[in-house]
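Asks: Quick one: the structure is below, questions incoming.
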Amino acid sequence: MNTLQLSKLGEIAKIFLKLGVIGFGGPVAHIAMIEDEVVTRRQWLTKDHFLDLLGATNLIPGPNSTEMAIHIGYIYAGWLGLIVAGVCFIFPAVFITGFLAWLYINYGTLPQFSPLLYGIKPAVLGIIINALWKLSKKAVKTKQLLIIGILVSLVTWFGDINEVIALLLGGIFGMIWLRKNNQITLIIPAFTIAVTGQEIAVNSLSVPLWKLGLFFLKIGSVLFGGGYLLIAFLQGELVEKYGWLTQQQLLDAIAIGQFTPGPVLSTATFIGYVISGFPGAIVATLGIFIPSFVFVAILNPIIPWLRNSSWTRAFLDAVNVSAVALMVVTTLQIGMTTLGLENISNIDFFSIAIFVISTFLIIRYSVNSAWVVLGSALLGWGFTLL
Numbered sequence: 001m002n003t004l005q006l007s008k009l010g011e012i013a014k015i016f017l018k019l020g021v022i023g024f025g026g027p028v029a030h031i032a033m034i035e036d037e038v039v040t041r042r043q044w045l046t047k048d049h050f051l052d053l054l055g056a057t058n059l060i061p062g063p064n065s066t067e068m069a070i071h072i073g074y075i076y077a078g079w080l081g082l083i084v085a086g087v088c089f090i091f092p093a094v095f096i097t098g099f100l101a102w103l104y105i106n107y108g109t110l111p112q113f114s115p116l117l118y119g120i121k122p123a124v125l126g127i128i129i130n131a132l133w134k135l136s137k138k139a140v141k142t143k144q145l146l147i148i149g150i151l152v153s154l155v156t157w158f159g160d161i162n163e164v165i166a167l168l169l170g171g172i173f174g175m176i177w178l179r180k181n182n183q184i185t186l187i188i189p190a191f192t193i194a195v196t197g198q199e200i201a202v203n204s205l206s207v208p209l210w211k212l213g214l215f216f217l218k219i220g221s222v223l224f225g226g227g228y229l230l231i232a233f234l235q236g237e238l239v240e241k242y243g244w245l246t247q248q249q250l251l252d253a254i255a256i257g258q259f260t261p262g263p264v265l266s267t268a269t270f271i272g273y274v275i276s277g278f279p280g281a282i283v284a285t286l287g288i289f290i291p292s293f294v295f296v297a298i299l300n301p302i303i304p305w306l307r308n309s310s311w312t313r314a315f316l317d318a319v320n321v322s323a324v325a326l327m328v329v330t331t332l333q334i335g336m337t338t339l340g341l342e343n344i345s346n347i348d349f350f351s352i353a354i355f356v357i358s359t360f361l362i363i364r365y366s367v368n369s370a371w372v373v374l375g376s377a378l379l380g381w382g383f384t385l386l
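FYI, the numbering for the sequence shown is 1 to 386, going by this note's numbering.
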């Protein structure tokens, strides 16, 4: 391995370890942070290429943000980069979740996270909006694509349609429409969790490690739709079918996944530890994340080929704009909840202030997202002490 390769791997490790530590806010926020680091700041790939990866990633199972990290590692530093990027992005969440699982089992209590997250959540909205604006300028190349994006947004918002189905419908519609008609260029101007101190023990039920690993391997191989579908899987299988977890343990595991940075699938680490201790945590973590590495390794070389055919190029363009549309819908939903806009009597003016300030600093002065997250966390913590 030459010096250049080592340097590239070091850069990848540094970036994705940092993103794994500050990656609050779910996959949309993670993708926004990744875009800022590798497209805007380092220019490792173009916005168009980033959108192609995003669109393709939305069509395969697994955690989108983790798979985007793996894609970029492969593009920048080959097979070793693929592994380093994925492992470094996942590791902080897995380490923190594993430590919290140890506290949970041995002491029956967990640290209080809510004050920090109170400030982080509105700041993350600003990070997402900045990325959405930049990505939409590249994705919306024509009037037809703009219409497709609007239609996908409306169908997703009002129709409660599955995200993958929405992407496929948008892609197929775009493939037919864009291929059939001449494209008219559209120019866009540039401008808390606290577990009561009860005694909790590792489940006495003996679960073979191979069976536990196989269960999470299955989830990692078929999981579309992110955290909500993960909850449905865990409830139906671990609680109701196998009885490996109690209802309360599942609720605590879900809460841990929401209150820690990085991919929400690190919930598997917590559950694995609760069921079978440290070996269970390792097996569950490997099982749920390994499919993402395999899918990206297969998919990445195919994406450039999709650009060579007019039919698949139109499909990919439509999928890209549909993916951005889905991110817009998700951001609106997160924003309404975070800022208290769902009910006029619950409007949170402090969160709105953090959101406005964070967005201004990011867009106007290109402040690094790490500093925005850290500063907002401290503000949220300070405000809750008043």
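Even for Gly, the Cβ is constructed at its ideal location relative to N, Cα and C.
Considering only C-alpha positions, which residue in the set 372, 299, 247 and 336 is nearest to residue 58?
Replies: 299
Asks: Just to check my reading of the structure: residue 70 and residue 85 have Cβ atoms closer than 8 Å, yes? What is that Cβ distance to the nearest angstrom?
Replies: Beta-carbon to beta-carbon, residue 70 and residue 85 are separated by about 6 Å, close enough to satisfy the 8 Å threshold.
Asks: Could you give the distance in angstroms between the alpha-carbon of residue 55 and the alpha-carbon of residue 115?
Replies: 35 Å
Asks: Helix, strand or coil for residue 359? Go by DSSP, reduced to three states.
Replies: helix
Asks: Once the 5 residues before and after residue 263 are set aside, which same chain residues still bring their CB inside 7 Å of it?
Replies: 63, 65, 66, 90 and 93
Asks: Compute the distance between the beta-carbons of residue 96 and residue 24, then report whether it is under 8 Å.
Replies: Remark: C-beta atoms of residue 96 and residue 24 do not approach each other more closely than 8 Å.
Asks: I'd like to know whether the C-beta atoms of residue 277 and residue 217 end up nearer to each other than 8 Å.
Replies: no
Asks: Give the single residue among 221, 362 and 170 whose Cα lies nearest to the Cα of residue 294.
Replies: Among 221, 362 and 170, the Cα nearest to that of residue 294 is on 221.
Asks: Please give the ranges of any alpha helix (DSSP H) in the region 45–79, keeping only runs that are unbroken, at least 4 residues long and fully inside the region.
Replies: 47–57
Asks: Are the beta-carbon atoms of residue 387 and residue 319 separated by less than 8 Å?
Replies: The requested residue 387 is not part of the displayed model; the chain covers only 1 to 386.
Asks: Does DSSP classify residue 142 as helix, strand or coil?
Replies: Of the three classes helix, strand and coil, the one that applies to residue 142 here is strand, per DSSP.
Asks: Could you give the uninterrupted runs of the alpha helix (DSSP H) lying entirely in the region 250–276, keeping only those of 4 residues or more?
Replies: none
Asks: Please identify the residue among 151, 44 and 244 whose C-alpha is closest to the C-alpha of residue 321.
Replies: 151
Asks: In the DSSP assignment, the alpha helix (DSSP H) including residue 310 goes from what residue to what residue?
Replies: 310–338
Asks: For residue 122, collect the residues of the same chain with a Cβ closer than 6 Å to its Cβ; drop the 5 residues on either side in sequence, then sort them by chain order.
Replies: 338, 351, 354 and 355
Asks: Can you tell which of 238, 247 and 219 has its C-alpha closest to the C-alpha of residue 265?
Replies: Ranked by how close their Cα comes to the Cα of residue 265, the residues 238, 247 and 219 have 219 in first place.
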